[in-house]
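So for the sequence shown, the working numbering puts the first residue at 120; every next one is plus one.
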Amino acid sequence: MPTMYLVLIAIVVVVLGTVITRYRYVARHEPEEQSTVTESRWVRWTLTGIALTFMLLFLLLPLLAVFVEALRKGWDTYAAALTEPDAWSAIKLTLITALIAVPLNLVFGVAAAWAIAKFEFKGKALLTSLVDLPFSVSPVVAGLTYVLLFGANGWFGSWLEAHDLKVIFAVPGIVLATVFVTFPFIARELIPLMQAQGNDEEQAAIVLGATGWQTFWRVTLPNIKWGLLYGVILCNARAMGEFGAVSVVSGSIRGQTNTIPLHVEILYADFQSSAAFAVASLLALLALVTLVLKSIAEWRAEKEHKLAANLPPERPRDDSAVPA
């Protein structure tokens, strides 16, 4: 039990340390024109207190409760729940799905963001709407759509069966469903960032003789790297925690097509609460790691932005001093 409390204290310290560090950095580097507010001190403290109370009750305490229940019966029970064959299979499948879905969305997201932010073309508004489509469609509906397309009685079901290919109730279906629900995260992080930066630097690089690939690697990518990292972090967190779409296309076959969220649901339905909370603690830990990495990415991005803003202006060249 003392070890459990030490773990919980460490989690609280990490979360609070991340929040406090972030707040101190923002307060220290806040522009003077933004520091003047019209609200009185008690209004600011009241609003801050409400926000912190909400975060404590609805965000932090549920995460702590997961770890409390997971470690209630000791480390041996906790380790046994995580090393059980079905749990280990779910963990491996979740990691495999994320390792496939996140790079695919990385490529698609960068391509979509670059097309939307850098070019004008017919259908641009439609492409932007399609990027946001997974936000507005229920994951369950998305899963049913893939069943309609690739299921045994679906549009391509006969062709897949004739070629001995299986999508639904197999890993390919899980990957497709995960790619669909996580597609907007990277693109939506990059689109406003690329639009704000404009095309001047890319055009200058092309004028100087750089190829399109060189322009991307040496100009575009360094400017968007922190936004890209932020999008990848969010995409990975959603990919590993997706339940609705995956539950429809996977069939929830123990030891074969169960991901971590599906395995947690099955354990809880079987009244194995300790094992369910033990496996769920992995997702809670992922949420905390995501919070820390997100804060680090935002802090580094703001730091580089501040340094770039404080650079002295480039001195104009005096052409009269150059000998003819």
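For glycine and all other residues, C-beta sits at the position ideal for the given N, C-alpha and C.
Using a Cβ distance threshold of 9 Å, L249 and A234 do not count as a contacting pair. The beta carbon of I219 sits closer than 7 Å to the beta carbons of V294 from its chain, once the five residues preceding and following it are set aside; these are given in chain order. Distance from the CA of A206 to the CA of G374, rounded to the nearest whole angstrom, comes to 8 Å.
Below 8 Å, too few C-beta pairs join the region 356–370 and the region 193–210 to call them touching: fewer than three. Contiguous alpha helix (DSSP H) elements confined to the region 234–316 occur at 243–255, 258–269, 276–281 and 290–316, taking only those with 4 or more residues. Note on geometry: alpha-carbon atoms of V260 and F254 lie some 12 Å from one another. Taking one beta carbon from each stretch, the region 416–424 and the region 391–398 have fewer than 3 pairs nearer than 8 Å; the two do not touch. The C-beta of N272 has fewer than 16 other C-beta atoms within 10 Å across all chains shown, which makes the residue exposed. Distance check between G317 and each of G350, L252 and I343 places I343 closest, using alpha-carbon atoms only.
Going by DSSP, L171 is part of the alpha helix (DSSP H) stretching over R160 to M174. Between G363 and V300, the C-beta gap is smaller than 9 Å, which places the two residues in contact. C-alpha of L180 to C-alpha of T172: approximately 10 Å in a straight line. By the 16-neighbour rule on beta-carbons within 10 angstroms, H382 is buried.
Under the three-pair Cβ rule at 8 Å, the region 299–315 counts as touching the region 352–361.
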